[in-house]
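**Student:** Submitted below is the structure of interest, expressed as structure tokens.
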Amino acid sequence: MSLDLGTKTIGTAFCDAGWRFATNGKTLPRGKWGKDRTALQELIAARAVAGLVIGLPRNMDGSEGPRAQASRAFARNAESAFALPVLLWDERWSTQSAEAAMIGQDMSRARRAERIDSHAAAIILQGAIDRLAGGVL
Numbered sequence: 062m063s064l065d066l067g068t069k070t071i072g073t074a075f076c077d078a079g080w081r082f083a084t085n086g087k088t089l090p091r092g093k094w095g096k097d098r099t100a101l102q103e104l105i106a107a108r109a110v111a112g113l114v115i116g117l118p119r120n121m122d123g124s125e126g127p128r129a130q131a132s133r134a135f136a137r138n139a140e141s142a143f144a145l146p147v148l149l150w151d152e153r154w155s156t157q158s159a160e161a162a163m164i165g166q167d168m169s170r171a172r173r174a175e176r177i178d179s180h181a182a183a184i185i186l187q188g189a190i191d192r193l194a195g196g197v198l
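Encoded structure:
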């Protein structure tokens, strides 16, 4: 399962059992850690999730700012709460790629706003899958 952590929402994505294809999931409203943990635990249990890939928002020069530090803190909490392996994945360009793909599908601006985080989560997860699988599909 992949997470794209926004300030107001958490985008989710899942992959098939063969680690080939990422698909976007729900976009969850973001709240305090306890509420986020409960919502994510439900998804983890329902999908039999074996690990998490969390987007790490680095700056274009590779440095890390406050959002990256917040993602690292979230990852530490998730690793402890869910007892799953957690991989932080560089998410530079994921939102822009998701936006371009949705525009290419002629999706309305309002619909894109609702789904951008889950689409970005799928792009993050696909990048991790491709890398972990050695780029072989």
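Basically this note's numbering = 1-based index in the sequence shown + 61. Yeah, the Cβ is synthetic: ideal placement off N, Cα and C, and Gly gets one too. The structure presented is a predicted model; accordingly, all values stated were derived computationally and were not measured.
1. Are the beta-carbon atoms belonging to Gly67 and Arg91 less than 8 Å from one another?
2. Taking contact to mean at least 3 C-beta pairs separated by less than 8 Å, is the segment 165-173 in contact with the segment 131-138?
3. By the three-class DSSP mapping on this structure, what secondary structure does Thr68 have?
4. Can you find at least 3 beta carbon pairs, one from the segment 99-112 and one from the segment 180-195, that sit closer than 8 Å?
5. Mind the definition here: the segment 81-91 touches the segment 169-187 only if three or more C-beta pairs lie below 8 Å; say whether that holds.
6. Could you tell me the distance, in whole angstroms, from the CA atom of Pro118 to the CA atom of Arg172?
**Tutor:** Answer, in terms of the structure:
1. Between Gly67 and Arg91, the gap from beta carbon to beta carbon is short of 8 Å.
2. no
3. coil
4. no
5. Verdict: yes, contact present.
6. 23 Å
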